[in-house]
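Here the sequence shown stands for residues 142 to 236, numbered as in our numbering.
Below you'll find the structure, written out as structure tokens, and then a few comments.
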Amino acid sequence: MSPPSATSQIEIVNTSATVPSISRHPLSTVTHEPGLTKEQAKGPGLKLPTRTPLEDKYAEREYQKGRLVLAFRIFAKLGFDEGVAGHITLRVSGG
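Next comes the structure, spelled out in structure tokens:
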């Protein structure tokens, strides 16, 4: 790949523009499930599952590789399997 041809520096200008908050937008609480009120649609928020790391580094590595395989299968099922659309990176510690 050839090096970039741009040689001039771009000056960053502070415009003091504010980014609107999505959570305050009226459409952010639109219910997509029938029978839910706006308060029920807001819910408690996203709770991600947590797990304790495995004691054996090789078992941890196998677990992470298995999860990576599942992620690739989900990407392929959703049509993100060509080019950089299917690029997933996982850093496995310990080699």
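Every residue, glycine too, gets a C-beta built ideally from N, C-alpha and C.
Keep in mind it's a predicted model, so treat the numbers as computed, not measured.
- The three-state reading of DSSP puts Val233 in coil, since its state is none of H, G, I, E or B.
- If you ignore the 5 residues before and after Tyr204, its C-beta comes within less than 8 angstroms of the C-beta of Leu195, all in its own chain and listed in chain order.
- The three-state reading of DSSP puts Gly227 in helix, counting H, G and I together.
- Apart from sequence neighbours up to five positions away, the residues of its chain that approach Asp222 with a beta-carbon distance below 7 angstroms are Phe216, ordered along the chain.
- Secondary structure note for Phe221: it is in no alpha helix (DSSP H), with a DSSP letter that is neither H nor E.
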